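Q: My structure is below; once you've seen it, I'll send some questions.
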Amino acid sequence: MPRYCPTCGNSSDRMQFFGNFCEECTRKKFAESLISSIEVYRCKSCGRIKAGGGFAQPGSDSLAAAVKKQLGGYAIKIIGIGEDECSAKVLVSQDTAHGTISSEKEIVISYKKVLCERCYRKACNYHEAVVQLRGDMQRAQKMLARITKYFEDRNGFITKVEENDNGMDVYLSSKKLASAFMSRMDLKPVMSYTLVGVRKGKKVYKNTYALRFG
Ligand SMILES: [Zn+2]
Ligand SMILES: [Zn+2]
Numbered sequence: 001m002p003r004y005c006p007t008c009g010n011s012s013d014r015m016q017f018f019g020n021f022c023e024e025c026t027r028k029k030f031a032e033s034l035i036s037s038i039e040v041y042r043c044k045s046c047g048r049i050k051a052g053g054g055f056a057q058p059g060s061d062s063l064a065a066a067v068k069k070q071l072g073g074y075a076i077k078i079i080g081i082g083e084d085e086c087s088a089k090v091l092v093s094q095d096t097a098h099g100t101i102s103s104e105k106e107i108v109i110s111y112k113k114v115l116c117e118r119c120y121r122k123a124c125n126y127h128e129a130v131v132q133l134r135g136d137m138q139r140a141q142k143m144l145a146r147i148t149k150y151f152e153d154r155n156g157f158i159t160k161v162e163e164n165d166n167g168m169d170v171y172l173s174s175k176k177l178a179s180a181f182m183s184r185m186d187l188k189p190v191m192s193y194t195l196v197g198v199r200k201g202k203k204v205y206k207n208t209y210a211l212r213f214g
């Protein structure tokens with residue numbers, strides 16, 4: 001005995017059924033239950049967008065993460081991204097008791113301008129450490145390039161670089177990263193600490209790493 005879909009009358013002889021409804025109607029209902037527009041945070045300073053958790057470089061991977069998160073965590077696959085990254089066509093899948101149902105959905109993406117934490121801190125001149133580069137300035141420049149790459153690869157940043165008569169002072173976002181960099185490069189800087197304040201009852205120090213190149 002064939003069954004008939006109560007919505008459209010399709011028979012189970014001609015089409016797969018998901019419970020009481022035909023595949024077509026199930027897919028349509030699923031697509032209608034999904035939101036059709038999302039808002040994505042975009043940093044007005046560095047252009048990164050808020051993907052799954054933190055900010056990431058724009059692109060199909062980070063857009064997919066943002067869409068996935070806001071669509072309620074369904075498995076999704078990006079089919080295409082519209083011009084100006086203002087829309088995305090995605091294939092959304094859901095596991096049901098009767099099998100997996102997949103539906104294509106067009107998602108409109110709007111952007112909200114914000115300042116990501118990294119850029120906010122940068123704008124506020126935030127720094128935890130200073131590396132003083134002294135002596136041979138050619139070697140100092142090379143070291144600066146290495147520090148910059150190391151920090152940017154790890155979501156840190158260079159707050160500012162100050163040149164003075166003695167050499168260069170490089171202000172850094174994280175003393176943890178600064179220390180890790182020194183050990184990684186097997187450098188033996190002369191360390192000093194400056195008390196900069198008290199946070200949650202604990203004394204906060206700024207680390208200074210002095211490096212001299214012969
Ligand atoms: Zn139907
Ligand atoms: Zn930013």
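For the sequence shown, position 200 (counting from the first letter as 1) is numbered 200 according to this note's numbering, and the numbering increases by one without interruption. The C-beta atom is built at its ideal place from N, Cα and C for all residues, glycine as well. Predicted model, so just to flag it, every value in this text is computed and none were measured.
1. Less than 7 Å between C-beta atoms, sequence neighbours within five positions excluded: which residues of the same chain meet that for Leu71?
2. Quick check on the DSSP output: the beta strand (DSSP E) that includes Ser192 runs from which residue to which?
3. My output table needs one value for Ala140: the three-state DSSP class, helix, strand or coil.
4. Please indicate yes or no: does the CB of Glu85 lie closer than 6 Å to some heavy atom of ligand 1?
5. When the Cα of Val161 is compared with those of Lys175, Arg139 and Leu133, which residue comes out closest?
6. Closer than 6 Å: is that where the CB of Cys116 sits relative to any heavy atom of ligand 1?
7. Report the three-state DSSP secondary structure of Ile38 (helix, strand or coil).
8. Kindly list the residues whose CB is nearer than 6 Å to the CB of Gly197, restricted to its own chain and excluding five residues on each side of it in sequence; keep chain order.
9. How is Ala123 classed by DSSP in three states: helix, strand or coil?
A: Reading it off the structure:
1. For the purposes of this step, residue 71 is identified with residue 71 of the sequence shown, where counting begins at 1. Correct list, in chain order: Leu34, Ile35 and Val92.
2. Along the sequence shown, read from residue 1 onward, the residue named residue 192 stands at position 192. Start and end: Val190 to Arg199.
3. Counting from 1 along the sequence shown, the entry for residue 140 is found at position 140. When DSSP states are grouped into helix, strand and coil, Ala140 belongs to the helix group.
4. Here residue 85 corresponds to residue number 85 of the sequence shown, with the count starting at 1. Within the chosen limit of 6 Å, ligand 1 does not reach the beta carbon of Glu85 with any heavy atom.
5. For the purposes of this step, residue 161 is taken as the residue at position 161 of the sequence shown. Of Lys175, Arg139 and Leu133, the residue nearest in Cα terms is Leu133.
6. The residue given as residue 116 occupies position 116 in the sequence shown. No, the Cβ of Cys116 stays beyond 6 Å of every heavy atom of ligand 1.
7. Here residue 38 corresponds to residue number 38 of the sequence shown, with the count starting at 1. If DSSP states are grouped into helix, strand and coil, Ile38 belongs with the strands.
8. In the sequence shown, the residue the question calls residue 197 occupies position 197. Sequence-distant Cβ neighbours of Gly197 in its own chain, meaning closer than 6 Å and more than five residues away, are Val204.
9. Taking the sequence shown and counting its residues from 1, the one referred to as residue 123 is at position 123. Residue state, collapsed to three classes: helix.
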